[in-house]
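Protein chains in written order, with the UniProt record's numbering: chain U, 1 to 278; chain Y, 1 to 278.
Ideal placement from N, C-alpha and C gives every residue a C-beta, glycine not left out.
The structure appears below as structure tokens.
Number of protein chains: 2
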Amino acid sequence: MEPQARRAGRPPQDASRRLERAHRILDIAGDLILRWGYDKTTIDDIARRAGVAKGTIYLHWRTREELFAALLRRERVEMLSQVRLRVAEGPGTLRDLLGLLASELLRRPLMRASLLGDSKVLGKLTRLKRSSGAAADLPTGFETYLGALLRLGALRADLTPAEHVVALASVLYGFLLVPQMMPEGYALPDERLAELLADAGSRAVAAGGPVPAGNARAISRATLEFADLAVETAQRKLRASLGSEEPGKPEKSGTSGASGKSVTGPEKSATSLEENAT
Amino acid sequence: MEPQARRAGRPPQDASRRLERAHRILDIAGDLILRWGYDKTTIDDIARRAGVAKGTIYLHWRTREELFAALLRRERVEMLSQVRLRVAEGPGTLRDLLGLLASELLRRPLMRASLLGDSKVLGKLTRLKRSSGAAADLPTGFETYLGALLRLGALRADLTPAEHVVALASVLYGFLLVPQMMPEGYALPDERLAELLADAGSRAVAAGGPVPAGNARAISRATLEFADLAVETAQRKLRASLGSEEPGKPEKSGTSGASGKSVTGPEKSATSLEENAT
DNA sequence: AAATGACCAAATAATTGTATTTGGTCAAAC
DNA sequence: GTTTGACCAAATACAATTATTTGGTCATTT
């Protein structure tokens with residue numbers, strides 16, 4: 001009883017079809033949240049446009065919030081993946097990484113809204129996202145990466161690690177936020193903005209002189225490793241958000257060993273939209 | 001029987017006493033707006049704490065808005081004056097200027113709120129302030145100043161004027177905004193922040209190599225001139241806000257010739273809180 | 001004149017009640 | 001087993017009232 005193309009009835013049942021449907025739903029959700037904002041984007045709406053019944057959506061996610069968490073996570077994975085892909089083709093410097101990050105960020109309204117805490121788009125989610133430290137939702141391993149760069153002589157030694165982070169976060173934030181509220185005459189194309197950002201960010205924290213000979217390779221490697229780790233972490237979280245059969249299962253703390261106790265976060269609801277340090 | 005047997009003397013009648021009282025009122029207003037925000041700060045409150053009757057306040061300003069405009073303008077003058085004063089003691093470079101600006105900005109919550117459009121403090125004034133281009137309320141003559149620096153070889157030649165402005169505004173904005181929302185571990189003392197900001201800003205737009213020999217003096221002079229102009233402009237506006245006898249008189253467009261028609265702004269109410277380009 | 005504070009229209013907040021929408025469930029249909 | 005959509009409690013929006021506060025004025029006092 002394999003090939004039963006019975007009547008039109010139960011198309012998606014295997015995992016692959018399930019996933020496909022999940023993505024279709026997220027696509028719609030993404031469109032709607034950008035057009036109307038989180039508050040005005042209803043499950044009914046999404047279901048209708050996605051061509052499924054409301055109940056079906058709850059076959060994937062337990063709550064509305066979880067759905068949007070998945071959406072944000074997917075976007076994050078896509079962005080980081082793209083950065084990872086493109087950074088492999090360049091010199092793999094910090095400046096390179098910043099430029100790619102900016103470039104990918106600028107073309108993803110949802111990511112921008114999420115990073116900046118745009119309440120116009122995130123609605124009542126704004127609080128949740130920002131509560132967890134706003135600008136501090138650095139990708140996993142970022143500080144480790146900076147540590148490596150410092151050791152390789154690629155970072156200014158007259159700044160503490162915290163200062164490196166603050167400087168980079170400030171530049172990133174500023175360049176993402178300011179241009180939008182500038183008068184007409186100052187509008188710049190996104191690609192140019194990304195360059196300026198990368199420029200400003202790297203100049204702010206990068207070591208002055210030329211990098212110690214022979215370290216270029218190691219720097220590039222560190223960058224790649226960081227990008228890889230960031231993508232993997234994001235991917236793991238995403239999978240938990242839409243992979244499993246039962247919507248509730250995942251998110252169980254300490255699945256694949258390795259964790260221990262995250263010194264950082266205050267437990268909180270395991271299913272919240274927290275995307276920060278892990 | 002009247003309540004307080006306050007022999008309502010008539011102390012202030014000469015200009016000097018008037019001004020003194022105006023400042024006392026503004027002091028109170030400043031305290032209150034920082035403590036409760038613009039929306040919840042009432043004229044009654046201010047009057048009571050300042051030890052005057054409500055009517056007296058209207059002897060100085062025609063409306064509540066005008067009072068706060070005066071407050072903001074006064075703060076601005078104080079800040080710019082301080083910058084002017086201190087910049088004369090240093091090398092007078094762009095970096096120097098940025099550092100001082102940051103330093104003075106960081107110790108003035110009202111200025112920060114005003115610049116960043118903090119709705120928590122500015123309440124319904126937020127809109128008005130931001131409407132006029134937010135980060136674009138550059139002091140008078142800023143672009144001219146940048147032009148001079150560029151001509152003197154102190155600015156990167158591979159950026160357009162607009163790009164210089166965007167970069168500086170972004171850095172300033174970012175460094176003023178981000179540190180406040182960073183997790184505990186990343187807190188930095190204001191003075192250090194000012195340094196980092198100055199560093200990042202100048203590195204972002206300043207020319208790479210050493211400045212052409214002999215230009216240092218001219219650069220310093222340009223910086224001084226710019227600071228002077230900024231202070232003067234701010235002062236002129238302030239005087240109009242609390243100097244004259246009759247609250248209404250000033251603000252009349254085109255007082256001291258020179259104006260004509262400002263190509264920029266859409267007229268609007270002459271008494272609004274606009275502090276931008278003039 | 002200079003300053004006051006009782007006074008008032010208008011804005012703002014608090015209250016109450018009703019209508020509509022929406023997240024989430026689940027028995028029935030496939 | 002999978003999907004659906006009618007169903008419901010809870011949330012949200014809307015409307016109508018009433019209560020309170022507040023910006024601004026001005027006759028009176030000093």
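Residue j beta carbon less than 9 Å from that of residue i
{"i": "ALA230 of chain Y", "j": "ARG84 of chain Y", "result": "yes"}
{"i": "GLY174 of chain U", "j": "PRO212 of chain U", "result": "no"}
{"i": "SER170 of chain U", "j": "THR93 of chain U", "result": "no"}
{"i": "ALA222 of chain Y", "j": "LEU172 of chain Y", "result": "no"}
{"i": "LEU159 of chain U", "j": "VAL205 of chain U", "result": "yes"}
{"i": "ARG76 of chain U", "j": "HIS23 of chain U", "result": "no"}
{"i": "ALA207 of chain Y", "j": "LEU155 of chain Y", "result": "yes"}
{"i": "LEU110 of chain U", "j": "LEU34 of chain U", "result": "yes"}
{"i": "GLY185 of chain Y", "j": "ALA162 of chain U", "result": "yes"}
{"i": "ALA50 of chain U", "j": "ARG21 of chain U", "result": "yes"}
{"i": "ALA167 of chain Y", "j": "LEU168 of chain U", "result": "no"}
{"i": "ALA70 of chain U", "j": "LEU26 of chain U", "result": "yes"}
{"i": "GLY99 of chain Y", "j": "ALA227 of chain Y", "result": "no"}
Residue i, DSSP secondary structure in three states
{"i": "LEU85 of chain Y", "result": "helix"}
{"i": "LEU155 of chain U", "result": "strand"}
{"i": "THR223 of chain Y", "result": "helix"}
{"i": "LEU128 of chain Y", "result": "helix"}
{"i": "ARG17 of chain U", "result": "helix"}
{"i": "ALA213 of chain Y", "result": "coil"}
{"i": "GLY92 of chain U", "result": "coil"}
{"i": "ASP199 of chain Y", "result": "helix"}
{"i": "ASP137 of chain U", "result": "coil"}
{"i": "VAL178 of chain Y", "result": "helix"}
{"i": "ASP118 of chain Y", "result": "coil"}
{"i": "ASP31 of chain Y", "result": "helix"}
{"i": "LEU39 of chain Y", "result": "The displayed chain sequence assigns Asp, not Leu, to residue 39 of chain Y. The answer is coil: DSSP assigns ASP39 of chain Y none of H, G, I, E or B."}
{"i": "GLY123 of chain Y", "result": "coil"}
Cβ neighbours of residue i in the same chain (closer than 6 Å, five flanking residues each side left out)
{"i": "ALA258 of chain Y", "result": "At ALA258 of chain Y the pLDDT is 31, less than 50, meaning the model places this residue with poor confidence and gives no usable figure here."}
{"i": "SER103 of chain Y", "result": "ALA194"}
{"i": "ILE28 of chain U", "result": "ILE46, ARG49, ALA50"}
{"i": "SER114 of chain Y", "result": "LEU72"}
9 Å Cβ cutoff, residue i in contact with chain Y
{"i": "ALA162 of chain U", "result": "yes"}
{"i": "ARG112 of chain U", "result": "no"}
{"i": "TYR145 of chain U", "result": "no"}
{"i": "ASP199 of chain U", "result": "yes"}
{"i": "SER103 of chain U", "result": "no"}
{"i": "ASP79 of chain U", "result": "Inspection of the sequence shows that residue 79 of chain U is occupied by Met rather than by Asp. So, not an interface residue."}
{"i": "PRO179 of chain U", "result": "yes"}
{"i": "GLU20 of chain U", "result": "no"}
{"i": "ARG107 of chain U", "result": "no"}
Minimum Cβ-Cβ distance from residue i to chain U less than 9 Å
{"i": "PHE175 of chain Y", "result": "yes"}
{"i": "LEU97 of chain Y", "result": "no"}
{"i": "GLY185 of chain Y", "result": "yes"}
{"i": "VAL231 of chain Y", "result": "no"}
{"i": "VAL166 of chain Y", "result": "yes"}
{"i": "ARG151 of chain Y", "result": "no"}
{"i": "LEU159 of chain Y", "result": "yes"}
{"i": "GLY257 of chain Y", "result": "Note on GLY257 of chain Y: pLDDT 30, under 50, position unreliable in the model; no value is reported."}
{"i": "ARG203 of chain Y", "result": "yes"}
Identity of the residues DSSP links to residue i by a beta bridge
{"i": "ALA206 of chain Y", "result": "Y:LEU155"}
Residues of its chain near residue i, where Cβ-Cβ distance is below 8 Å and the 5 sequence neighbours each way are ignored
{"i": "THR233 of chain Y", "result": "PRO139, THR140, GLY141, THR278"}
{"i": "LEU125 of chain Y", "result": "TYR38, GLU65, PHE68, LEU273"}
{"i": "GLY123 of chain Y", "result": "GLY37, TYR38, ASP39, LYS40"}
{"i": "ALA157 of chain Y", "result": "LEU150, ALA207"}
{"i": "ARG112 of chain Y", "result": "LEU105, LEU106, ASP118, LEU176"}
{"i": "LYS54 of chain Y", "result": "ILE43, ASP44, ALA47"}
Cut-off 7 Å between Cβ atoms - residues of its own chain near residue i, not counting five sequence neighbours on either side
{"i": "SER81 of chain Y", "result": "VAL231"}
{"i": "ASP45 of chain U", "result": "LEU32"}
{"i": "ARG108 of chain Y", "result": "GLU75, MET79"}
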